[in-house]
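Okay, so here's the structure we're looking at.
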Amino acid sequence: RSTKWGGHWVMTRYEDIMEVMRKPEIFSSECVNIPPTIGQDGPMIPLEIDPPDHTTYRQIMTPLFSPTRMRKLEPEIRALVLELLDQIGDATEIDFIDAFAKELPTRVFLKLMGWPETDAERMNDWVDRIVLGLPGASEEENTAFRMEAALETYGYFAEMIDDRIEQRDNEGQREIDADTADVTDVLVNAKFGDRELTQFEMLNIFFLMMIGGLHTVQGQLAHSWIHLAQNPAKRKELVDHPELVSAAVEEMLRLEAAVAGARVVKEDVVVGGVQLKAGDRVLIPLAAANRDPEKFENPDDIDFTREPNPHVTFGGGRHRCLGSHLARIELNIAFEEWHKRYPDYRLHPEKPYKKHLSQVRGVESLPLLLNQSI
């Protein structure tokens with residue numbers, strides 16, 4: 087039990103967290119943030135929506151992130167990774183966040199949405215302000231700071247939506263292929279039952295996709311590179327055996343789950359011997375579930391041959407992450423192409439990396455020395 091942010095419970099065991107994710111009728115997703123808002127204006131759709139409406143939203147959005155559609159993006163993602171590596175070139179010292187980890191998911195997101203890739207810098211600024219808040223500020227100041235950034239973001243989203251609606255109205259209704267059209271086009275032309283999606287709904291869908299798709303992949307890349315820099319034998323194993331890339335990605339996902347979601351208890355229930363009351367809030371840090379020794383043998387060790395590896399980094403149940411296929415593709419290509427180009431790297435001995443802890447854990451800066459090892 088924590089008294090922070092109005093009080094909440096924190097779960098840590100794999101089976102308890104799985105129980106929460108499997109029972110939306112008891113553990114509602116009506117609010118997944120502690121504190122209750124990170125600046126969004128309304129529920130993040132479909133994450134903070136319960137059945138039955140949740141089912142309809144998922145039916146609209148699931149095709150946008152299908153394995154088939156995501157695989158079609160592979161050549162473009164690979165080209166982007168190679169472009170970023172070319173920009174690093176012969177550098178011997180970089181900040182991995184600025185040079186690679188931040189740019190990759192942001193530009194992929196903008197491409198997916200059909201928005202200008204030149205907007206990557208301000209998109210990253212908004213996400214940093216929303217996720218990181220204002221260091222050293224009070225709870226009230228942090229909330230206001232996040233809301234200011236969120237309002238700027240909503241203004242940008244609204245402009246993108248208005249442009250597409252104007253285009254649709256000028257050109258007339260047309261058939262939209264969910265396998266090829268960008269996400270904005272699909273949602274502007276989508277139906278919730280027999281009606282169009284409202285601007286409010288689209289704004290909150292975009293907000294979730296931005297938060298869920300940018301900082302999580304950035305943090306996953308950074309945490310993975312920290313582990314690989316600190317464990318040169320494991321890195322050499324990966325370099326010498328590129329067929330291990332997919333397994334290595336899964337193991338790093340297990341080790342460093344970025345998200346700690348939350349739920350609202352709808353009826354009195356006992357979990358793990360603890361009585362929870364209706365109205366209680368529970369934090370479910372997925373990283374804790376992934377390190378549960380009752381589920382994973384030697385959970386703190388890096389093991390590229392771990393099998394099975396039933397990590398819950400992408401959540402579970404009805405709210406399992408829609409973007410998991412895309413994230414895996416981004417990570418697999420990054421792991422593969424980076425280690426072809428830079429098999430040796432290490433942490434900067436005089437410039438320590440800087441992590442941040444929140445409901446979306448990440449890394450703010452990661453100085454690396456390239457072509458050097460421990």
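Just so you know, we're using the working numbering here: the sequence shown kicks off at 87 and counts up by one.
We put the CB at the ideal spot given by N, CA and C, even for glycine.
*Nearest to ARG427 by CA position, among ALA346, ASN457, GLU234, is which residue?*
Start at 1 with the first residue of the sequence shown, and residue 427 comes out as number 341. Comparing Cα positions, the closest option is ASN457.
*Tell me, to the nearest whole angstrom, how far the beta carbon of ILE251 is from that of VAL274; I am working on the premise that it is less than 8 Å.*
Here residue 251 corresponds to residue number 165 of the sequence shown, with the count starting at 1. Here residue 274 corresponds to residue number 188 of the sequence shown, with the count starting at 1. The beta-carbon distance between ILE251 and VAL274, rounded to whole angstroms, is 6 Å. This is short enough to meet the 8 Å contact definition.
*asked:* Less than 8 Å between C-beta atoms, sequence neighbours within five positions excluded: which residues of the same chain meet that for GLY401?
replied: Indexing the sequence shown from 1 puts residue 401 at position 315. By the criterion of a C-beta distance shorter than 8 Å, GLY401 is surrounded in its chain by MET107, VAL345, GLY347, LEU372, CYS407, once the five residues flanking it on both sides are discounted.
*For TRP311, which of helix, strand or coil comes out of DSSP?*
Here residue 311 refers to the residue found at position 225 of the sequence shown. If DSSP states are grouped into helix, strand and coil, TRP311 belongs with the helices.
*Three or more C-beta pairs below 8 Å linking the segment 304-322 and the segment 434-449*: yes
*Can TRP91 and GLU234 be called in contact, C-beta distance under 9 Å?*
As a working note, residue 91 is residue 5 in the sequence shown. As a working note, residue 234 is residue 148 in the sequence shown. No. Outside cutoff.
*Measure the Cβ-Cβ separation of SER115 and HIS140 and say whether it is below 9 Å.*
Taking the sequence shown and counting its residues from 1, the one referred to as residue 115 is at position 29. Taking the sequence shown and counting its residues from 1, the one referred to as residue 140 is at position 54. In this structure, HIS140 lies closer than 9 Å to SER115 by Cβ.
*Taking the alpha carbon of GLU179 as the point to measure from, which residue in LEU341, TYR431, GLU337 has its own alpha carbon closest?*
Start at 1 with the first residue of the sequence shown, and residue 179 comes out as number 93. Ranking the options by Cα distance to GLU179, first place goes to TYR431.
*Output the distance between the C-alpha atoms of HIS397 and GLU101, rounded to the nearest integer angstrom.*
Here residue 397 refers to the residue found at position 311 when the sequence shown is read from its first residue. Here residue 101 refers to the residue found at position 15 when the sequence shown is read from its first residue. One C-alpha to the other measures close to 12 Å.
_Exposure label - ASP172; buried when at least 16 CB within 10 Å_ = The residue given as residue 172 occupies position 86 in the sequence shown. So ASP172 ends up on the exposed side.
_Could you give the first and the last residue of the continuous alpha helix (DSSP H) run that contains TYR461?_
Any answer about residue 461 is impossible in this case: the structure gives the chain only from 87 up to 460.
*asked:* Between ILE131, HIS434, PRO121, which has its C-alpha nearest GLY298's C-alpha?
replied: Locating residue 298 in the sequence shown gives position 212, counting from the first residue. Considering only alpha carbons, the answer is ILE131.
*How close, in whole Å, do the beta carbons of HIS425 and VAL325 come, if the pair is a contact with beta carbons under 8 Å?*
If you number the sequence shown from 1, residue 425 lands on position 339. If you number the sequence shown from 1, residue 325 lands on position 239. Correct: roughly 5 Å between the Cβ atoms.
_With the cut-off set at 9 Å, would you say ILE146 and LEU283 are in Cβ contact?_
On the sequence shown, position 60 is the one that residue 146 refers to. On the sequence shown, position 197 is the one that residue 283 refers to. Yes.
*Do you know offhand how far ILE415's Cα is from THR154's?*
The residue given as residue 415 occupies position 329 in the sequence shown. The residue given as residue 154 occupies position 68 in the sequence shown. Here the alpha carbons of THR154 and ILE415 stand approximately 12 Å from one another.
*Secondary structure of GLN42, DSSP reduced to three states*: Given a span of 87 to 460 for the chain in the structure shown, any question on residue 42 remains unanswerable.
*Counting Cβ pairs, one atom from each stretch, are 3 or more of them under 8 Å apart for the segment 352-367 and the segment 378-387?*
no
*Residues in its own chain within less than 6 Å of LYS464 by CB, not counting five upstream and five downstream?*
Residue 464 lies beyond the stretch modelled for the chain, which goes from 87 to 460, so this question has no answer here.
*Who are PRO453's beta bridge partners in DSSP?*
For the purposes of this step, residue 453 is identified with residue 367 of the sequence shown, where counting begins at 1. Note: PRO453 sits in a beta bridge opposite ASP181.
*asked:* Suppose you measure from the CA of PHE113 to the CA of ALA177; what does that come to, to the nearest Å?
replied: Along the sequence shown, one-based indexing puts residue 113 at 27. Along the sequence shown, one-based indexing puts residue 177 at 91. Going by the C-alpha atoms only, they are around 49 Å apart.
*Starting from the C-beta of THR239, find all residues in its chain whose C-beta is less than 6 Å away, skip the five residues before and the five after it, and write them out in chain order.*
Looking up residue 239 in the sequence shown gives position 153. Contacts found: TRP212.
*Measure from the alpha carbon of ASP386 to the alpha carbon of each residue in ARG349, MET288, LEU433, GLU337, then state which is nearest.*
Walking along the sequence shown from the start, residue 386 turns up at place 300. The shortest Cα separation from ASP386 among ARG349, MET288, LEU433, GLU337 belongs to GLU337.
*asked:* For ASN95, list the residues DSSP reports as bridge partners.
replied: Residue 95 sits at position 9 when you count from the first residue of the sequence shown. In the sequence as displayed, the identity of residue 95 is Trp instead of Asn. In the DSSP output, where bridge partners are listed per residue, TRP95 has VAL368.
*Other residues of its chain near ASN395: CB distance less than 7 Å, five sequence neighbours each side excluded*: Translated into positions along the sequence shown, residue 395 becomes position 309. Excluding positions up to five away in sequence, the list reads GLU336, GLU337, ARG340.
*Can you tell which of ASP366, GLY359, GLU450, HIS405 has the C-alpha that lies nearest to the C-alpha of ARG99?*
Here the question's residue 99 lines up with position 13 in the sequence shown. With distances taken between Cα atoms, ARG99 lies closest to GLY359.
*Mapping DSSP to helix, strand and coil, what is ALA348?*
For this step, residue 348 is matched to residue 262 along the sequence shown. The answer is strand: DSSP assigns ALA348 an E or B state.
*Using the DSSP secondary-structure output, state which residues sit across from GLY448 in a beta bridge.*
Along the sequence shown, read from residue 1 onward, the residue named residue 448 stands at position 362. For GLY448, which the question treats as bridged, DSSP gives the partners HIS442.
_Based on DSSP bridge pairs, tell me the residues matched to GLU282._
Counted from its first residue, the sequence shown places residue 282 at position 196. Per DSSP, LYS277.
*Does the separation of the CB atoms of MET199 and ASP248 fall below 9 Å?*
If you number the sequence shown from 1, residue 199 lands on position 113. If you number the sequence shown from 1, residue 248 lands on position 162. It is not a contact, given that the beta carbons lie outside the stated cut-off.
_Candidates PRO149, VAL368, THR148, ALA230, of which the one nearest THR89 by Cα_ = In the sequence shown, the residue the question calls residue 89 occupies position 3. The residue with the shortest Cα to Cα distance from THR89 is VAL368.
*Could you check if LEU454 is buried or exposed, using at least 16 other CB atoms within 10 Å of its CB as the buried criterion?*
Position 368 of the sequence shown holds residue 454. Classification of LEU454: buried, given that the 10 Å Cβ count is 16 or more.
_Quick check: what's the CA-CA separation for GLU134 versus VAL446?_
Walking along the sequence shown from the start, residue 134 turns up at place 48. Walking along the sequence shown from the start, residue 446 turns up at place 360. Each residue's alpha carbon lies about 16 Å from the other.
*Under a Cβ-count criterion, where at least 16 other Cβ atoms within 10 Å of its own Cβ denotes burial, should ARG349 be classed as buried or exposed?*
Counting from 1 along the sequence shown, the entry for residue 349 is found at position 263. ARG349 is buried by the Cβ-count criterion.
*asked:* Among the candidates LEU218, MET246, SER332, ALA244, whose CA atom is the shortest distance from the CA of ILE419?
replied: As a working note, residue 419 is residue 333 in the sequence shown. Ranking the options by Cα distance to ILE419, first place goes to SER332.
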